[in-house]
Amino acid sequence: MYTRKRLVLPFLLPGLLGIVLFYVLPFFSGVWYSVTDGSYKNAFVGLQNYVNVWNNSMFRLGLTNTLLLSLICAPLLWISSFFVSLLLNRIRPAGSFFRSSVLLPYLMPSSAVLIIWLLWFDYGGIVNRLCVALGLGRVNWLDGAPLRVPIILMFLWKNLGFCVIIFMAALQAVPEPLYEYASLEGASFRQQAVHITLPLIIPSAFLVFILAWINAFKIFKEVYFIGGAYPAESVYTLQHYMNNMYNKLNYQNVTTAAYSFAVIVFAIFGLLFFIQNRAQRGLN
Amino acid sequence: MMRKRGLGFALTCGILGVMAVLILWPMIQTFLYSFSSIADMKAYMKTRNNFDESVWIDSRLSPRMFSLSQYYQILITDNTVLRLFCNSVMYAVLILLGQAVIIPAFAFALCKFRYPGKNLLFFMVIMLMLLPFQVTMVPNVLTLRGLGLTDTLWSIVLPMWFTPFYIFLIRQFMVGLPGELIEASSIDGAGVIKTYVMIILPVCRPILGAAVALSFADCWNLVEQPLAYLTQRQDLQPLSTMFNQIAAENTGFEFAGAALYILPALFVYMFFQSDILSGLQLSELK
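So the sequences go chain by chain: U and R.
Quick note on numbering that gives the first Met the number 0: the first sequence kicks off at 0 and runs consecutively.
Quick note on numbering that gives the first Met the number 0: the second sequence kicks off at 0 and runs consecutively.
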């Protein structure tokens, strides 16, 4: 640990300068934007912008869809990555092939892979063949509400590996004798997972949940590729609203919408931190 | 201690095997299709979007006839894809170079020094990390407009140099490094900068590799930023935003384009794969 304060400057300054310049300072000047009317007089209008944005149906639609998609995606990703990492942990130290293949999609460019998804989810595609074989009718996956399904699956496909790796790291830190003892006592795989593994990995599990949620908020690319700037109402996300407002040079609305969303995001994560604290204390 | 390899082991491997095939299949199919001829692929892609209940898309595994015409088209005859590809490479190189200078140094400053406001600074980095792009876009835009940088390539590159997630990731690794490393090198007479370059950076190799790979994935997949900041400059758009338009035009060479687009990401992944696994596992991510 270095204690002389002067020494830190060459390391700290470049990054600090950038963060202050690109994030902190404009964040505060943005507050000014969100309470003025943007005309040449730039009159102070108080919370009028917020009232306008919240009364805007497209903003509400984008916000609802973003929250809804993340509310489905984050828990789904969390649970499935937990199970996959349990399975991978079970066959350790074998299975390096599975470990590397599960992480690969995280690095794949979405738009390149999307052609294949469009083929699969086409009206005459392989997914509909499966649906018909299972006795269901064909579904038009690429429009309206069903479009959520391919988008959620693609999100899952892309982000699974990253969460699995963090879970794996936590699982490997659980002492092996605990499992041996539990097996001797006759505990099943499921009982071991719930009563030994889960309590010991709560901090990492929490981190995975937060990261999954952060990524779920970002769902936009795939929707944009399929639906363009104005997709079907069921998948119109907040990012669409922001981009469209930005392109119309309506900075007041962009800032106001962003700050409204920031408040919601912090409320959600604050609640999650609170729950995690309680859970941790409840276990100890 | 090895557990017994029995039926359970085989079953687990079976489930994982099916999953691995499903996960890898989009890439495999892209490469297989990229070797069919342009005319063949055009005809095939035209069978999509047919809402006749009796018609199915032919689900084929491999091309009928092996052909390199798609690759010939995108690499030699028509340079649209190649030009966009070069744009993407340019963004990736500029962003990664800047990040390499700024982010590890900042992470080092956040953990191995003692000065007032350090914890506040780290708290700020975490807060910024939690904010989604929809929110951080606004401060970025205000500064970019103030500096007159919108519709230039720096509007994409500069904000990416300070991505909070990688600061967090590398800092969490560096926190775990023993203080003795620094003490020993100070006793041997090395200054701060020398210690950082000669000792800290080499020791951090796994997490740096992981960060490079993950950050490359971000650069290679830029969509939101170019769409918002480069509205007037079609010539600066990277492959990530334009590729789906090429694919939508039914040009017949979209699979070779996709294969070309996937390949660098695949190489980066193969090169840094062990770093990602060990870096993320050694990092104190909690």
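All residues carry an ideal CB built from backbone N, CA and C; glycine is no exception.
As the structure is a prediction and not an experimental result, all values here were calculated from the model.
Query                                                                                                                      : Result
CA nearest to the CA of Phe120/U, picked from Ser110/U, Trp77/U and Pro145/U                                               : Pro145/U
Close-in-space but distant-in-sequence residues of the same chain around Met0/R (CB under 6 Å, 5 per side omitted)         : With a pLDDT of only 38 at Met0/R, under the threshold of 50, the placement of this residue in the model should not be trusted; the figure read from the coordinates follows. Once the five neighbours on either side are set aside, Met0/R has no close Cβ partner at all.
Phe240/R in three-state terms, based on DSSP                                                                               : Checking the sequence, you will find Thr at residue 240/R rather than Phe. Thr240/R: helix per DSSP, three-state reduction.
Reference Pro25/R, options Thr63/U, Met107/U and Ile71/U, closest by Cα                                                    : Met107/U
Pairwise C-alpha distance: Ile181/R and Val23/U                                                                            : 32 Å
Per-residue burial, Val194/U [other beta carbons within 10 Å of its own, 16 or more giving buried]                         : It is worth fixing the name first, because residue 194/U is His in this sequence and not Val. Exposed: under 16 other Cβ atoms inside 10 Å.
Boundaries of the alpha helix (DSSP H) in which Ile181/R is found, first to last residue                                   : Gly178 to Ile186
Helix, strand or coil at Phe112/R according to DSSP, with G and I counted as helix                                         : strand
Straight-line Cα distance separating Asn127/U from Glu253/R                                                                : 23 Å
DSSP three-state assignment for Phe161/R, whether helix, strand or coil                                                    : coil
Asn15/R and Leu170/U closer than 8 Å at C-beta                                                                             : Checking the sequence, you will find Leu at residue 15/R rather than Asn. No. Outside cutoff.
Candidates Tyr90/R, Leu152/R, Val80/R and Ser214/R, of which the one nearest Leu259/R by Cα                                : Val80/R
Rounded straight-line distance, which links the Cα of Thr46/R to that of Gly143/U                                          : 21 Å
C-alpha gap between Phe271/R and Lys157/U, whole angstroms                                                                 : 18 Å
Residue-chain proximity (Phe26/U, chain R), Cβ-Cβ < 8 Å                                                                    : yes
Pair within 8 Å by beta-carbon distance, Asn48/U and Val34/U                                                               : yes
Gly13/R - containing alpha helix (DSSP H), residue span                                                                    : Leu6 to Tyr32
Cβ contact check for the region 49-64 of chain R and the region 77-95 of chain R: 3 or more pairs under 8 Å                : no
Phe50/R (DSSP reduced to helix, strand or coil)                                                                            : coil
Opening and closing residue of the alpha helix (DSSP H) in which Pro205/R lies                                             : Arg204 to Trp219
Same chain, Cβ closer than 8 Å to Val173/U, neighbours up to 5 away in sequence not counted                                : Ile195, Thr196, Leu199 and Ile200
Nearest candidate by alpha-carbon position, reference Arg204/R, set Thr11/R, Phe172/R, Phe112/R and Gly178/R               : Phe172/R
Beta carbon of Gly97/R nearer than 8 Å to that of Met0/U                                                                   : no
Contact set for Ile125/U: own chain, Cβ-Cβ below 6 Å, skip 5 residues either direction                                     : Trp119
Runs of beta strand (DSSP E) wholly within the region 44-127 of chain U (minimum 3 residues, chain order)                  : none
Tyr229/U in three-state terms, based on DSSP                                                                               : coil
Touching by the beta-carbon criterion (3+ pairs, under 8 Å), the region 237-257 of chain R and the region 70-90 of chain U : no
CA nearest to the CA of Ile102/R, picked from Ile125/R, Val92/R, Arg170/R and Leu143/R                                     : Arg170/R
Contacting positions in the region 230-245 of chain U - beta carbon closer than 9 Å to chain R                             : Thr236, Leu237, Gln238, Tyr240, Met241, Asn242 and Tyr245
Members of the region 259-274 of chain R that neighbour chain U once the beta carbon cut-off is set at 7 Å                 : Tyr260, Ile261, Ala264, Val267, Tyr268 and Gln272
Among Met57/U, Pro25/U and Ser28/U, the one whose alpha carbon lies nearest that of Ala231/U                               : Met57/U
Nearest-angstrom Cβ-Cβ length linking Trp212/U and Ser69/U, presumed shorter than 8 Å                                      : 6 Å
Environment of Lys220/U [buried if 16+ CB atoms lie within 10 Å]                                                           : buried
Residue environment, Glu175/U, which counts as buried when at least 16 other CB atoms sit within 10 Å                      : exposed
Contacting positions in the region 2-30 of chain R - beta carbon closer than 9 Å to chain U                                : Arg2, Arg4, Gly7, Phe8, Thr11, Cys12, Ile14, Leu15, Gly16, Met18, Ala19, Val20, Leu21, Ile22, Leu23, Trp24, Pro25, Met26, Gln28 and Thr29
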